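Everything below concerns the one structure shown next.
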Amino acid sequence: MLDIDTKVLEQQIEETSQQIQEYQSKLVKLQDLRTRLVSRIEFIELNNDYLAEKKKVLYTKSEIMKKFKTGSSTFNEIKKIGKLDPVDNLGRAPLYNISDFEQAREDYKLWKKQY
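Set out below in structure tokens:
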């Protein structure tokens with residue numbers, strides 16, 4: 421009878437050991453998945469921070485027109501006379517540096533006074 425109890429206990433110990441190994445394997449996989457997800461979140465947050473910083477100085481044509489209350493034709497004249505070039509793109513929309521636009525606008529005002 422004792423021999424049977426010992427075999428049953430050894431069987432249970434073996435099964436428990438296998439379960440522990442399976443759980444440890446799953447734990448390692450879950451920890452790896454967690455690490456990758458945290459890395460993705462950090463990347464997205466970093467990217468969002470970068471875009472937010474970039475957004476402070478870069479504006480689309482329509483944003484500049486709204487901010488400075490200018491029409492499309494005036495913007496195009498400022499762009500032409502002030503030699504304003506886009507510095508980047510947001511999708512298909514060109515982005516302009518706000519300080520470059522302000523300088524081009526001043527050049528445009530000087531040009532307009534002359535003519």
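First residue of the sequence shown? That's 421 in our numbering, and the numbers climb one at a time after it.
Every residue, glycine too, gets a C-beta built ideally from N, C-alpha and C.
Since this is a predicted model, take the numbers as computed values, not measurements.
Check whether the Cβ atoms of V458 and L478 lie closer than 8 angstroms to each other. As a first step, residue 458 must be located in the sequence shown, where it is residue number 38. As a first step, residue 478 must be located in the sequence shown, where it is residue number 58. Judged by beta-carbon spacing, L478 lies beyond the 8 angstroms limit of V458, meaning their Cβ atoms are not closer than that value.
First and last residue of the alpha helix (DSSP H) that includes Y528? For the purposes of this step, residue 528 is taken as residue 108 along the sequence shown, with counting starting at 1. For Y528, the enclosing alpha helix (DSSP H) begins and ends at 518-534.
For L457, does the three-state DSSP call read helix, strand or coil? The count along the sequence shown starts at 1 and reaches residue 457 at position 37. DSSP places L457 in helix when its eight states are reduced to three.
Rounded separation between Q534 and D527 - CA only: Looking up residue 534 in the sequence shown gives position 114. Looking up residue 527 in the sequence shown gives position 107. Going from the Cα of Q534 to the Cα of D527 covers about 11 angstroms.
Straight-line CA distance for K598 to S519? Residue 598 lies beyond the stretch modelled for the chain, which goes from 421 to 535, so this question has no answer here.
Is the separation between the beta-carbon of L504 and that of F521 shorter than 8 angstroms? Working through the sequence shown from its first residue, we reach residue 504 at position 84. Working through the sequence shown from its first residue, we reach residue 521 at position 101. L504 places its beta carbon less than 8 angstroms from that of F521.
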